[in-house]
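**Student:** Below is one structure. I have some questions about it.
Numbering (full-length UniProt numbering), first residue to last: 1 to 488.
Printed below as a string of structure tokens:
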């Protein structure tokens, strides 16, 4: 029975820990993406006016750090009782939230795994049910989790984990996400990613028409719509997806010239050369610190006949304000704000296209400096797609976090082993001393008994001597008396 409990607890521990580590890490490498998802929840709850953007960002970073740290603590069985209770509360809250999402469906994707893994609300709810059951087992039998680090050194692993995940978030925020799971990754051809392959499954919709007649409202579908009865007045319609078909990775990329109303998407994506896109999702929230570097890029593009355009979802008023404070001369075009935030996690951010393919992306903190723009793009490093360094990034993470953690565990095991050896040696010495004392005690008892016996023997001998002496004296006295009584 005990063996079964141990197996159940440790399967639950590993499942929960790996889920939280993965979930926390993919959120930490994309803090802005997590912030956008938190913003969705806040908007659904009509609390946008109470929670400013900077608080949302702190919540994003904090949530990812808590999840990742709890996962590591659980995996290493650190503070087993306390952590098991915390993850139970966590799992319960997440189960309630995803139950609400499943029933009311206000948000299509809960964002549990960022952009790395998309789950439907029912899939997310099922996942949280499993995690909740796993957390119950952990709370029930927390001490069946095998410790990897002794109590005295657990604080090192905990603090190291917290520092690591916060540094990951800070680097991803200041630069760009370490790993890009979105469809606008470097090397992606946007036009091809928007195409639907031949023979691909089409999405099927059900259209409901709402009509009114004599104050009575009625719903019709395409089959029973009263085409020949003109007394029914059309009021509204709604579409419902019956069966989802193939959806291209990119399906919402569109650039519009607000002045003319012209859609310039195709001309941008089919341009036979380089195109600079300055992405400013919302000018009101944009960082103005590096506008001089942006102006230098625009000047370089103009001199070399590379198209340069700013794309935003903000109004003309905001665009005028941006021009006033930065002196920007480049043209502005409009696009959907969500799409722009998906393209690059920076406001503003710079994207370089070549024949519709994303060649490079830069956070506004990393925009190439003017002194490096001393030749045409075809001759510069920035004008070519960088090599895929995913493996190198994974190795770096292993070296910076996993390896030190393993070394800590090994060192701790040696330390614990040495402590155990010392305790054992100390115990052996105590035992030997006790045995010696016991032997001394036995010897003392034997000597005491011997002395007692000798004393008793001496006493007996003394009494015997007295008896002999008395007997001798009696015999002498008797002989004397006998001699006196004998006549001469």
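Where a beta carbon is used, it is the ideal one built from N, C-alpha and C, also for glycine.
Please state the DSSP three-state secondary structure of residue 488.
**Tutor:** With a pLDDT of only 46 at residue 488, under 50, the local geometry of the prediction cannot be trusted, and the value read off the model is given with reservation. Coil, per DSSP.
**Student:** Taking the straight line between their C-alpha atoms, what separation do you get for residue 25 and residue 198?
**Tutor:** 37 Å
**Student:** Tell me the DSSP secondary structure of residue 236 in three-state form.
**Tutor:** strand
**Student:** Specify, as a first and last residue, the run of the beta strand (DSSP E) that residue 141 falls within.
**Tutor:** No beta strand (DSSP E) holds residue 141; DSSP gives it neither H nor E.
**Student:** Pair every Cβ in the segment 366-379 with every Cβ in the segment 291-311, then say whether three or more of these pairs are closer than 8 Å.
**Tutor:** yes
**Student:** How big is the Cα-Cα spacing for residue 231 and residue 213?
**Tutor:** 6 Å
**Student:** May I ask you to check if the CB of residue 235 is nearer than 6 Å to at least one heavy atom of the ligand HEM?
**Tutor:** The ligand content of the structure shown is nil, which means the ligand HEM is not present either.
**Student:** Apply the 10 Å Cβ neighbour rule to residue 247 and answer buried if 16 or more other Cβ atoms are within range, or exposed otherwise.
**Tutor:** Here residue 247 is exposed, its C-beta having fewer than 16 other C-beta atoms within 10 Å.
**Student:** Which residue comes first and which comes last in the beta strand (DSSP E) that contains residue 277?
**Tutor:** 274-280
**Student:** Please look up how many angstroms separate the CB atoms of residue 186 and residue 361, rounded, as I've assumed it's under 8 Å.
**Tutor:** 6 Å
**Student:** Alpha carbon to alpha carbon, what distance is there between residue 117 and residue 126?
**Tutor:** 15 Å
**Student:** For residue 200, I'd like the list of residues in its chain whose CB is within less than 8 Å of its CB, leaving aside the five on either flank, ordered along the chain.
**Tutor:** 245, 246
**Student:** For residue 206, which of helix, strand or coil comes out of DSSP?
**Tutor:** strand
**Student:** Kindly list the residues whose CB is nearer than 6 Å to the CB of residue 179, restricted to its own chain and excluding five residues on each side of it in sequence; keep chain order.
**Tutor:** By the criterion of a C-beta distance shorter than 6 Å, residue 179 is surrounded in its chain by 29, once the five residues flanking it on both sides are discounted.
**Student:** Any idea if residue 286 is buried or exposed, counting beta-carbon neighbours within 10 angstroms, 16 or more meaning buried?
**Tutor:** Buried: at least 16 other Cβ atoms inside 10 Å.
**Student:** Just the Cα atoms here: how many angstroms apart are residue 430 and residue 149?
**Tutor:** 28 Å
**Student:** Per DSSP, which one or two residues make a beta bridge with residue 349?
**Tutor:** 279, 363
**Student:** Can you grab the Cα-Cα spacing for the pair residue 488 / residue 459, in whole Å?
**Tutor:** Model confidence at residue 488 stands at a pLDDT of 46, short of 50, so the residue's coordinates are unreliable; what they give is reported in the following sentence. Answer to the nearest angstrom: the Cα atoms are 46 Å apart.
**Student:** Do residue 142 and residue 182 have their C-beta atoms within less than 7 Å of each other?
**Tutor:** no
**Student:** Specify the secondary structure class of residue 554 as computed by DSSP and reduced to three states.
**Tutor:** With the chain covering 1 to 488 only, the question about residue 554 has no answer from this structure.
**Student:** Whole angstroms is fine: what's the gap from residue 449's alpha carbon to residue 435's?
**Tutor:** Taking the straight line from one Cα to the other gives about 21 Å.
**Student:** Taking all protein chains shown into account, do 16 or more other C-beta atoms lie within 10 angstroms of the C-beta of residue 23, making it buried, or fewer, making it exposed?
**Tutor:** buried
**Student:** What is the rounded straight-line gap between the Cα of residue 190 and the Cα of residue 251?
**Tutor:** Going by C-alpha positions, residue 190 is about 10 Å away from residue 251.
**Student:** Suppose you measure from the CA of residue 37 to the CA of residue 177; what does that come to, to the nearest Å?
**Tutor:** 16 Å
**Student:** Beta carbon of residue 83, beta carbon of residue 161: below 7 Å?
**Tutor:** no
**Student:** Measuring CB atoms only, is the segment 56-72 touching the segment 158-174, in the sense that at least three cross pairs come out at less than 8 Å?
**Tutor:** With three or more CB-CB distances shorter than 8 Å, the segment 56-72 counts as touching the segment 158-174.
**Student:** Near residue 334, what residues of its chain come up, given a Cβ to Cβ distance below 6 Å and the 5 sequence neighbours on each side ignored?
**Tutor:** For residue 334, where only same-chain residues beyond five positions count, the Cβ hits under 6 Å are 256, 258.
**Student:** Rounding to the nearest angstrom, what Cα-Cα distance links residue 113 and residue 119 in this structure?
**Tutor:** 8 Å
**Student:** Return the CA-CA distance between residue 399 and residue 47, expressed in angstroms with no decimal places.
**Tutor:** Taking the straight line joining both Cα atoms gives about 42 Å.
**Student:** So, helix, strand or coil for residue 300, using DSSP?
**Tutor:** helix
**Student:** Just curious, the alpha helix (DSSP H) that residue 265 is in, first and last residue?
**Tutor:** That run of the alpha helix (DSSP H) goes 265-269.
**Student:** Which runs of the beta strand (DSSP E), 3 residues or longer, sit entirely within the segment 59-133?
**Tutor:** none
**Student:** Taking all protein chains shown into account, decide if residue 14 is buried (16 or more other Cβ within 10 angstroms of its Cβ) or exposed.
**Tutor:** Taking all protein chains shown into account, residue 14 has fewer than 16 neighbouring C-beta atoms within 10 Å of its C-beta and is therefore exposed.
**Student:** In three-state terms, what does DSSP make of residue 355?
**Tutor:** coil
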